[in-house]
Amino acid sequence: MESGADKGGRVGWLIQVTPDEDKPALLSGLFFFFVLFAVMMLRPVREAMGVERGMDELRGLFVLTALVSLVVAILFGGLVSRMDRRRFLPIGFRVVMLCLVGFAVARGVMGDEIKQHAGRVFYVWFSVFNMFVTSIFWAYMADIWRLDQAKRLYPVIGVGGTLGALAGASVPWTLGERLEGFGPAWMSGPVWLMLFSILLFELAVRVMIVLDKWMAQGTSDKPRRTPHAVGGNLIDGLVAVSKSPYLLLIAMYVGMVAVSSTIVYFTGVELVVDREEELSSRIKLFAQLDVWKQVATLCFQLFVTSRLIKLIGVGGTLCVLPVLTVAGFTAVWLVGSGSDVLVWGTFAIFQGFHSASRYAFVRPARETLFSVLSESEKYKAKTVVDMFVYRAGDVAGVGTEAGLKALGVASVGAIAVSTMPMAACWVALALGLGVLQKRRAGSSVVEMKQRANDSTRG
């Protein structure tokens, strides 16, 4: 069959989609658009609320987030065991929507003390739900697309998500302060953003339902099966990760992504806290950073990602982030003696490239690793890795940053040196995962051929 790339033109060069994939790929991208639109619109609110009582409390919230993530991952594993995806995916999103209604009410009509407590709860809740909704989205993608399709289509689908993230981050940046005085007195800017995100999540669910019906018709090359309950029990995900060397390596890689991202995150948060004191101003500044990160991500996704995965493979693509992490901290360290503007500008560029590499390169490549797993592993083990392991990596990152501070060596230079041995292990993990994925994919092809031969003989 002639591929989208073969059908030519600039569009074919950018978007490698075959004719029978175009509509489901578009729906997948639209689904991701609405999800990240809602998530990124709320993220600056989360960041600003998290530092209302200082950086020390923020570190404690990271530990609490990891524990809550484990509980949610286990509970979701139980839900997956008893329901098919047509039921548990909408339920998961609508539970998120119901929680947002509660936070909007607490922020809008409660007293100042309750608002502060609600802000801390919101920080933990958002940190968990953010990983939850993106994890189940990519688990669903791994369930409906083959590995060869995933390598081509995930960057395209990711563009939809990045456009949504860009739109979401732009709202609090451009409208955040204006929303403070719009409508009734209790309808503050964060309340408006929470209510609007509820609408976006409902639109995401509606698109997912349409996509699921389309894929059930067998319009894609991937063999279809009627959605069904996965079966098993609550802790299948934890057991699978602990017993599978492949999943353990994925978990270790994801943990290292989290450690580096947390160190970058805390460095950026401290810069914002030093520059701004008001909640609305901090929301705006966090949103500005998010917008520039999403612009960089979009450029990479459109012009680099799919070609990079094809050129250097999944393992090579996974190596991009560790190399960039060391290079970025080294660059910030080298300009550390310069003006505040130079340091801030260099760090903003580094953070933008770090985030863009995570979402444009590492995320699509990493998600293809799950395409060769069973349905149970895609939904249960993946949720454990994406939520608990990632948040545990956050805690390790917080511990690293706090430990360097306690030793009095929390400079960017010290951080750069400390990331070098981790980056070496990180690169080795990435290359190993690329090799293991190829072996698993080859085994899957052999098994499918064997089943086909058996059915022919029967």
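Here the sequence shown stands for residues 7 to 464, numbered as in this note's numbering.
For each residue, glycine too, the CB sits at the ideal point set by N, CA and C.
Could you have a look at residue i and say whether DSSP puts it in helix, strand or coil?
i, result
"E53", "helix"
"E27", "coil"
"L413", "coil"
"M116", "coil"
"R230", "Any reading at R230 must be qualified, since the residue scores a pLDDT of 48, below 50, and its modelled position is unreliable; the value itself is stated next. In the structure shown, R230 sits in coil (DSSP, three-state: anything other than H, G, I, E or B)."
"V401", "helix"
"I241", "coil"
"C105", "helix"
"Q2", "With the chain running from 7 to 464 in the structure shown, residue 2 is simply not present."
"Q155", "helix"
"Q223", "coil"
"L304", "helix"
"V341", "coil"
"T462", "Residue placement at T462 cannot be trusted, given a pLDDT of 42 that sits under 50; the coordinates are not used to answer."
"V452", "Any answer about V452 is weak, because its pLDDT of 44 lies below 50 and its placement is not dependable; what the coordinates show is given next. Looking at V452 - three-state DSSP - the assignment turns out to be helix."
"C325", "coil"
"V247", "helix"
"V127", "helix"
"S87", "helix"
"V349", "helix"
"V391", "helix"
"S194", "coil"
"L379", "coil"
"V211", "helix"
"V310", "coil"
Could you check the C-alpha separation between residue i and residue j for me, to the nearest Å?
i, j, result
"K388", "S141", "7 Å"
"L365", "A293", "Reading the sequence as shown, one finds Tyr at residue 365 and not Leu. For Y365 and A293, the distance between alpha carbons rounds to 17 Å."
"V395", "V260", "7 Å"
"W432", "V441", "15 Å"
"Q456", "V78", "At Q456, the pLDDT of 48 sits below 50, so the modelled position is not reliable; the number obtained from the coordinates is stated separately. For Q456 and V78, the distance between alpha carbons rounds to 38 Å."
"G195", "H123", "18 Å"
"M428", "V391", "19 Å"
"S226", "V349", "In this predicted model, S226 has a pLDDT of only 45, less than 50, meaning its place in the structure is not dependable; the value taken from the coordinates is given anyway. So the two alpha carbons sit approximately 49 Å from each other."
"P96", "F207", "10 Å"
"V263", "S424", "15 Å"
"G243", "R92", "20 Å"
"K386", "V401", "22 Å"
"G334", "F309", "22 Å"
"S439", "Y252", "Strictly speaking, residue 439 in this sequence is Leu, with Ser absent from that position. Going by the C-alpha atoms only, they are around 7 Å apart."
"Q155", "P370", "12 Å"
"V341", "L295", "20 Å"
"W339", "V320", "30 Å"
"G322", "Y271", "25 Å"
"V326", "L314", "10 Å"
"V115", "L106", "14 Å"
"I204", "L104", "8 Å"
"W298", "F353", "12 Å"
"P30", "F138", "23 Å"
"A222", "P50", "37 Å"
"T303", "T273", "20 Å"
"K249", "V347", "49 Å"
"A148", "E119", "44 Å"
"V265", "F94", "31 Å"
"L81", "A337", "43 Å"
"A145", "F376", "8 Å"
"M426", "F68", "24 Å"
"A430", "G399", "17 Å"
"F43", "L70", "26 Å"
Below 8 Å on the Cβ atoms is my guess for residue i versus residue j; work out the distance and round it to an integer in Å.
i, j, result
"L330", "H360", "6 Å"
"L85", "L255", "So it is not a contact: roughly 27 Å between Cβ atoms."
"P178", "M47", "6 Å"
"L153", "T374", "6 Å"
"V211", "F99", "5 Å"
"V41", "G164", "The pair is not a contact, with the Cβ atoms about 12 Å apart (cut-off 8 Å)."
"V404", "R126", "Not confirmed; about 16 Å, so no contact."
"P161", "Q300", "15 Å between Cβ atoms; not a contact."
"I421", "A54", "Wrong, their Cβ atoms sit about 24 Å apart, outside the cutoff."
"V378", "A447", "5 Å"
"L169", "E27", "19 Å between Cβ atoms; not a contact."
"G518", "I241", "Because the chain is modelled from 7 through 464, residue 518 falls outside the range shown and cannot be assessed."
"T180", "I269", "Not a contact, Cβ separation roughly 30 Å."
Does the stretch 196-209 come close enough to the stretch 101-116 that 3 or more CB-CB pairs lie under 8 Å?
Judged by Cβ distances under 8 Å, the stretch 101-116 makes contact with the stretch 196-209, as three or more pairs qualify.
Taking three-plus beta-carbon pairs below 8 Å as touching, is the stretch 73-84 in contact with the stretch 129-136?
Contact between the stretch 73-84 and the stretch 129-136 is present: 3 or more CB-CB pairs across the two stretches fall below 8 Å.
Mind the definition here: the stretch 33-40 touches the stretch 215-224 only if three or more C-beta pairs lie below 8 Å; say whether that holds.
yes
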